[in-house]
Each structure stands twice: as structure tokens, then as C-alpha cells.
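Please read the structure below before turning to the comments.
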Amino acid sequence: MRTDVLKDEDPVKLAEFEARIERGEKIEPTDWMPAIYRKQLIRMIEQHAHSEIIGALPEGTWITRAPGFKRKLALMAKVQDEVGHAQLLYSAAETLGKSREQMISDLINGKSKYSNIFNYPAFTWADSCFISWLVDAGAIVNQVANSRGSYGPYCRALERICVEEAFHLKYGHHCVIHMATGTDIQRKMMQEAINRWWKPMLMFFGPPDKISAHTEILMKWKVKMLSNDDTRQQWLDMYVPKIWELDLTLPDEKLRKNQDTGKWDYTEPDWDEFKRVINGDGPCNKERLAVRRTAEERGRWVREALSRPKAEYTIPLA
Ligand code: BYC
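Okay, so the sequence shown: first residue is 1453 according to our numbering, each after it adds one.
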């Protein structure tokens, strides 16, 4: 496959490009790059941006119902950060030649993907706690690794995002500790949320390496710095003990650190469900895209006003 997708590239330029990546140099927007590197980066950064903006929705619904003023303030700030991450990432993807308008249009028309996990409902406050701690933790493992990758604008965006995510992680951990050490009802709520999110969380890191379509080329060009399985293992290693420390359980009898391989054994999630969810048929896909479509429609006048600063508008007073 590699020779096929690269057959039209200038071999001298390609060799120099690969040597630069090998030396750990950053590739910048005006540098030469193979068409497939550009295409893959647009795909991945765009999906990442969409995930941030859609990811704001399940947590966002809990802002008005957060238990107490301090939680409300913190969650509001977190959700605002996530939307800001999307802005940074759309800008990074734009440096590769795809306009933001096109990316948004592909999102709301169902052409682009975004993270599987945000197509599941946040039924209770505990679901939002799970997202803030453990989904953000998964994102951090992925992003810290990829911030050391090869494409300058993406790496710089990721560095900034990780700093903000570190705050989210502390906030989320605090929320989960509070629930896990609270009343019986709070503990039960937290346990049920963990049970609901476990499988989508395992899927969050992408399909197993042996069936992952893009890992090989992305790792070769240092866009992905860890494979899907290695990212998943790193997250399991860091967070399973912390979940168990809180006397919470995980809904998988097979889950254990295998002393022979040094890796976690677990029951594979249902990868057919994963495929259905990322292709538009999950519990909340329709709802999520409908919200984005409404936001796009309601914001149209603002974008039009910004793009024509000299136009005069009649502003209704009430
Ligand atoms: N969900 O070849 P593979 C956040 C797709 S936001 C959906 O392994 P790749 C947060 C994949 O696109 C942070 N689709 O793919 C926000 C491909 O389909 P196409 C989210 C997935 O790219 C708000 C196919 O499956 N993080 O945390 O090598 C509040 C084959 O997969 C998923 C990012 O977006 C998935 N989970 O590796 C709270 C990180 N996994 O395109 C929290 C950036 C795979 O061929 N993305 N697919 O049709 C990545 O690092 C990589 O794209 C992945 C997948 C590791 C996710």
C-alpha cells in the first residue's frame, strides 16, 4: 500500500522529508510534504477538532444541573476550554488547506467522524464526572505522545491543549473521589456510570493495532507516536489502579495485569458496535449533529456580520 500511495511523489523530496522527520524536525505548513501526509493530517486533526466540539455536549448538558456553584463554575470553564481546543485544532487543520467552513459542513452533514465516546448519553452527574476524569485522561495520554510528533501546528496546539487538560483531569478526579467517598447513593451512581462507560472508553483509543487502517503510515511519519493498543495499555496502567483504590469495580472479570506479558488482559469490546457508532448509528449521533446544525444556523448572522464589517445592520433593541 505504501508504494502505491507514494508512487506519484518525487523520490528525492520524499527521502529528504523522511530524513527530516527521522531527525526529529518539525514539518511546517509551507514545507514540502507528500499528498498523503497532508490528507492523513487533515483527516486526523479535523476529527480531533470535531471530537472536542461534540465532546462539549454531554458534559455541557450538566452545567445547569451541576451540584453546587463551585462545580458549576468549574464545569463551565472546562466546557469552554474544550470548545477552545476545537478552535485551535480547526486552525491547525486549516494550515493544510481545508477551510473551516468545509470542515463544519462535513461534520454536520455526517461526512466526518468524531470520537465514538460522545455518542453515548450522560444520564447522571456521575457520567459527567467519568468524562471529566477518565475520558480526559485518555485524551491526555494520546495527546502528550502526539505533541512530540512531526507536524508543527498540530504539536503546538496539542501542547497548549494538554496544559488545560491537566486542570480538567484534576477537576474530574476530585469529582469522582467526592462521589466514591460520598453516600451510598453517590457511590452507586458512580459505579453505574463506570459500568456504562467502560466499553466505549476501551474503544476510544481506536481499533486493535492488527486491524487499524492508518497506524502504520502515521507512526512511520511520526503523526501518531503511540499505537492504539499502546495508548490503551498506558491508560489502563495509569488509571485502573486509581479506580480500584476508590473501591470501585470495573465490569470485566478478565481484567488483570498479566505478569508474563506486562500488559493488561481485558475482554475486547464489541468492535461491530464501534463501527456502527462511528458511522452514525450510535445512541446519540442524531441528537449530537442536530445540536450542531442548530448552532450553525443560529450563528449564521454573526459570521455574516463578521465577514462584512462595513455592512450596516439594524439592531433590534428588544
Ligand atoms: N472514534 O486506523 P485507525 C476529548 C476511526 S476530545 C471515532 O486506528 P487512526 C474530550 C478512524 O478515524 C479528544 N472514530 O485510525 C473532548 C478510522 O476511520 P476513517 C479526542 C475512530 O486515526 C471534550 C478508523 O476508525 N481525541 O477527549 O490511526 C470533552 C480506523 O481507525 C476512533 C482525538 O481525537 C474513535 N475513538 O487512530 C471531554 C485524538 N478510533 O477516518 C474530552 C486524535 C478510530 O478511516 N485522533 N476511529 O474513516 C487520534 O489520535 C487517532 O485518530 C485515533 C485513531 C487514535 C483516535
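Just so it is clear, CB atoms sit at the ideal spot from N, CA and C, and this is done for glycine as well. Keep in mind it's a predicted model, so treat the numbers as computed, not measured.
Rounded to the nearest whole angstrom, the C-alpha separation of G1562 and I1730 is 10 Å. Taken through DSSP and simplified to helix, strand or coil, K1738 comes out as helix. Judged by DSSP in its simplified three-state form, Y1566 adopts coil rather than helix or strand. Remark: the shortest separation between the CB of M1690 and any heavy atom of the ligand BYC does not fall under 8 Å. Judged by their CB atoms, Y1489 and V1675 are nearer to each other than the 9 Å cut-off.
L1610 has its alpha-carbon roughly 21 Å from the corresponding atom of E1511. Take D1717, set aside five residues on each side of it, and the residues of its chain with a beta-carbon closer than 6 Å to its own are K1706, R1708, N1710, in chain order.
In the structure shown, the three-state DSSP call for W1673 is coil. Look at P1659: its beta carbon is less than 8 Å from one of the heavy atoms in the ligand BYC.
Straight-line measurement puts the Cα of R1612 at about 23 Å from the Cα of I1556. In this structure, the straight-line span from the alpha carbon of L1700 to that of N1647 is close to 10 Å.
As a beta-bridge residue in DSSP terms, K1709 pairs with W1716.
The continuous alpha helix (DSSP H) containing M1528 extends over residues 1521-1546.
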